[in-house]
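Going by our numbering, the sequence shown opens with residue 487, and the numbers climb by one from there.
Positions of the beta carbon are idealized from the N, C-alpha and C atoms, including for glycine.
Note that the structure is predicted; figures quoted are calculated from it, not measured.
Reviewing the structure listed below.
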Amino acid sequence: MSSIIKVNTFQDANGNALFSSDGSGNVTLSSADMKMTPAFHVRLTSNQDVTSAAQTKVNLNDVTLDTDSCWDAVNYRFQPTVAGKYYIFGAVTCQGTANNVLVEATSSFRLNGSRIVTGSQTFNTSTFASLYSATVSGIITFDGSTQYVELWGRTQVSSSTAQFTPSHEFATYMGGYRIIGA
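Set out below in structure tokens:
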């Protein structure tokens, strides 16, 4: 035997609404503390030429998700308006413009300009390599007002122009969301 409880609003013992339903199965959470937002995802849509062996901010120009309008499309940074701990992830895919050897691909997060998390791959320079991706992820605490995070990359090529690229099964992207209960 099964039981069914039908309600439009679920409340705690003090009468505070926790969540509600519109009767069609769509649930709305009443408290921001129960939502994994702000959340965002952005990506690079065209090759970005960079100086070989130099740290460069990635110009993430396509917003695929921005729940609370916290992505700054001018400065290419995420600045959440809600304090808390966030899981942030990203990848920088690197290539050269001609046949050459990639020596290194690095991705890092900078919190208010200071590098805090780095992911890197270093390659054997005697082996031909044309495209590699370095991923990075971490949990970052934001104050909800002044702090921002940016994705930076670094690649080194033996010749030609170094680039960050979106054109492969790997991509150049960054995303994240607030961790509830943390």
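For residue i, the first and last residue of its enclosing beta strand (DSSP E)
i    : result
Q534 : Q534 to V536
V622 : L617 to F628
D554 : Where D554 is concerned, there is no enclosing beta strand (DSSP E), given that its DSSP letter is neither H nor E.
I602 : S600 to T608
Y573 : G570 to G582
T495 : T495 to Q497
T641 : V635 to V643
Q649 : A648 to F650
M660 : Y659 to R664
Close-in-space but distant-in-sequence residues of the same chain around residue i (CB under 6 Å, 5 per side omitted)
i    : result
D629 : A569
R640 : Q541 and T592
V603 : F595, V622 and G624
W638 : Q541, K543, S594 and R596
R601 : S594
K492 : none
A539 : Q642
Per-residue burial, residue i [other beta carbons within 10 Å of its own, 16 or more giving buried]
i    : result
S594 : buried
L487 : Reading off the sequence shown, one finds Met at residue 487, where the question assumed Leu. When all chains shown are included, M487 counts as exposed.
F496 : exposed
M520 : exposed
G576 : buried
L504 : exposed
S619 : buried
A559 : exposed
A668 : exposed
V528 : buried
I490 : exposed
G661 : buried
T627 : exposed
V578 : buried
Residues near residue i in its chain [Cβ-Cβ closer than 8 Å; skip 5 each side]
i    : result
T537 : A648
T523 : T553, D554, V568, Y663 and R664
D498 : L504
beta-carbon residue i near the ligand SAH non-hydrogen atom, thresh 8 Å
i    : result
I574 : In terms of ligand content, the structure shown is empty, and the ligand SAH therefore cannot be addressed.
Cut-off 7 Å between Cβ atoms - residues of its own chain near residue i, not counting five sequence neighbours on either side
i    : result
N672 : The structure shown does not extend to residue 672, since the chain is modelled only from 487 to 668, so the question has no answer here.
N598 : Q633 and Y634
C429 : Outside the displayed span of the chain (487 to 668) sits residue 429, for which this structure offers no information.
L515 : F505 and K521
Problem set entry | Residue ranges of each beta strand (DSSP E) within the stretch 502–527, 3 or longer | The DSSP assignment places complete beta strand (DSSP E) segments of no fewer than 3 residues inside the stretch 502–527 at 503–507 and 513–515, in order along the chain.
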